Amino acid sequence: MAEPLRPRSAVLDMAPYSPPTAGRAGKLRLDFNENTIGCSPRVIEFLRQQLSSGGLSIYPEYGEARQELSAFFGVQPKELLLTNGTDEAIQVVINTYVDDGDEVLLLKPSYAMYRFYAEVAAARIRELAYRPENLEFPLEELLAAIRPETRAVIVANPNNPTGTAVSLDGIEQILQQAPATAVMIDEAYYEFSGITALGLLPRYPNLFVSRTFSKVYGMAAMRLGCVFSRADNIACLHKAQSPYSVNALAALAAREAVRDRDYIARYVEEALAARDLLYGELERLGIPHYPSAANFVLARFGQRAIEVRDRLREAGVLVRDRSYELPGCVRITVGSREQVRRLVTLLEEIW
Ligand SMILES: Cc1ncc(COP(=O)(O)O)c(C=O)c1O
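Residue numbers (the numbering used here): 5 to 355.
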């Protein structure tokens, strides 16, 4: 028998990452911070109209999507790269700027894919903790931790799973402290926080901002994201990206998704009202929780975290256990007030 092939050490050393994505259909999915109602019906209608066998037989072209999306986001087409979800944006930024053994500075806990792609790239990862007492962004600690050799810093703003955010002023301080570092601000939940670093792009050549169609736009299955930076940086990212990684249907869907601004505005309004309702109900039930700038709330069930998650699942409601990184904590996505009421009725029985 031949010896099994040995993967690169970087891959061998990685812990497997397998989010619990199986068996979610038909349940109330408050576990992945998706849009819990679904995308705009106009997106589905547009795809129906545009779908043709001729269209499917050709490799995707991104010109129109790039034009329309850059106008929507208020940047030049050359300052935007479409990506296969934010995940590919992270991958491409790391692959473009980080060599084996280079330092990547991350926060923890945060979105798992930063570490994932940094590990695949064999980067040297340094992690700073969110402040344990209130899970606030550790700005001073981060500023002190940035070194000339730091090649990349990746910040989710607001952060998943803590829900906490850093101010625009804080982001500028990071950019000034790290002029030779790729600073990536992942704005997957921007629509709920209203804080964006996009306006800083003209002033900071080391800034990368990402957005996604997986959250408020309700298109997680499409896998579409965007990364914004100066045109010369985007040209470099483009070189490191495979040419057709975004599928044509995703690019089409996004064009209609941004046209239906009312749908998005209404969803955000509902989710924010639902978040307020959830805060109040958690308060009433005596369940500690953290204020959030996103469409999810981190609640502390203590020793009973896993039990609560499991009992909710038995009743058809999915939430995400985070106790392996934040003891006793469960992350709850908010969508509509009606969904919050359904969750709370169950919590009243369980808690
Ligand atoms: C901070 C953050 N960034 C990005 C993503 C995923 O983005 P995408 O689906 O665009 O790859 C998530 C999803 O949970 C997230 O929490």
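Glycine is no exception: its CB is placed at the ideal position from the N, C-alpha and C atoms.
Since the model is a prediction, treat every value here as computed from it, not as a measurement.
Helix, strand or coil at residue i [DSSP, three-state]
i	result
Arg155	strand
Leu34	coil
Leu286	helix
Met188	strand
Ile175	helix
Ser214	strand
Leu55	coil
Ala244	coil
Thr337	strand
Phe232	strand
Thr168	coil
Ala106	It is worth fixing the name first, because residue 106 is Asp in this sequence and not Ala. Here Asp106 sits in coil by DSSP.
Lys82	helix
Leu139	coil
Leu111	strand
Arg304	strand
Arg227	coil
Ala150	The question names Ala, but residue 150 is Ile in the sequence shown. Ile150: coil per DSSP, three-state reduction.
Leu330	coil
Glu131	strand
Phe202	Reading off the sequence, residue 202 comes out as Leu, not Phe. It is helical.
Asp17	coil
Leu253	helix
Asp325	strand
Ala182	coil
Thr375	Past the boundaries of the shown model lies residue 375; the chain is included only from 5 to 355, so the question cannot be answered.
Thr100	helix
Thr358	Outside the modelled stretch of the chain, which goes from 5 to 355, sits residue 358, for which no answer is possible.
Thr87	strand
Ala75	helix
Ala69	helix
Ala160	strand
Proximity test, residue i beta-carbon vs ligand 1 heavy atom, cut-off 7 Å
i	result
Asn164	yes
Contacts around residue i, its chain only, beta-carbon distance under 7 Å, and the 5 residues preceding and following it disregarded
i	result
Arg227	Asn88, Gly89, Ala254
Gly42	Gly222
Ala116	Tyr21
Ala275	Phe196, Asn299, Val338, Gly339
Lys82	Ala235, Ile238
Pro183	Asn210
Leu172	Ile199, Ala201
Any C-beta of chain C under 8 Å from that of residue i
i	result
Glu7	The question asks about chain C, but that chain is absent: this structure has only one protein chain.
Nonlocal neighbours in the same chain, by C-beta distance under 8 Å from residue i, ignoring five residues either side
i	result
Asn96	In the sequence on display, residue 96 carries Val and not Asn. Only Leu85, Thr87, Val231, Leu241, Ala244, Gln245 meet the Cβ criterion.
Leu350	Arg315, Leu316, Ala319, Val321
Asp35	Pro24, Arg28, Leu322, Val323, Arg324, Arg335, Thr337
Asp264	Ser44, Arg46, Val47
Ser249	Thr87, Asn88, Glu92
Leu73	Leu84, Leu86, Cys230, Ala258, Arg259, Val262
Gln343	Leu32, Leu34, Thr40, Ala278
Met18	Phe120, Glu123, Val124
Arg10	Leu16
Cut-off 6 Å between Cβ atoms - residues of its own chain near residue i, not counting five sequence neighbours on either side
i	result
Val348	Glu285
Lys112	Glu131, Ala133
Arg326	Pro165, Cys333, Arg335
Gly59	none
Ser296	Gly167
Pro162	Ala169, Tyr193, Ser197, Ala297, Ala298
Gln181	Leu147, Ile150
Leu282	Val301, Val338, Val344
Pro127	A small correction: the amino acid at residue 127 is Ala; Pro does not occupy that position in the sequence shown. Hits under 6 Å: Val102, Asp106, Val108.
Ala6	none
Residue i CB to nearest heavy atom of ligand 2 below 7 Å
i	result
Ile48	In terms of ligand content, the structure shown lacks ligand 2 and carries ligand 1 instead.
* To do: Please list, in chain order, all residues with a C-beta atom less than 6 Å from at least one heavy atom of ligand 1.
  => Ordered along the chain, residues surrounding ligand 1 are Asn37, Gly89, Thr90, Asp91, Tyr115, Ala160, Asn164, Asp190, Ala192, Thr216, Ser218, Ala224, Gly229 [Cβ under 6 Å from any heavy atom].
* Decide yes or no for the touch test of the stretch 101–113 against the stretch 151–170: beta carbon pairs closer than 8 Å, at least 3 of them. => yes
* Asked: With a cut-off of 8 Å, do at least 3 Cβ pairs link the stretch 305–312 to the stretch 133–148?
  -> no
* To do: Please confirm if the stretch 256–273 is in contact with the stretch 115–125, defined as three or more CB-CB distances below 8 Å between the two stretches.
  => no
* Asked: Counting pairs of beta carbons, one from the stretch 50–58 and one from the stretch 205–224, are three or more of them closer than 8 Å?
  -> Segments in contact, no.
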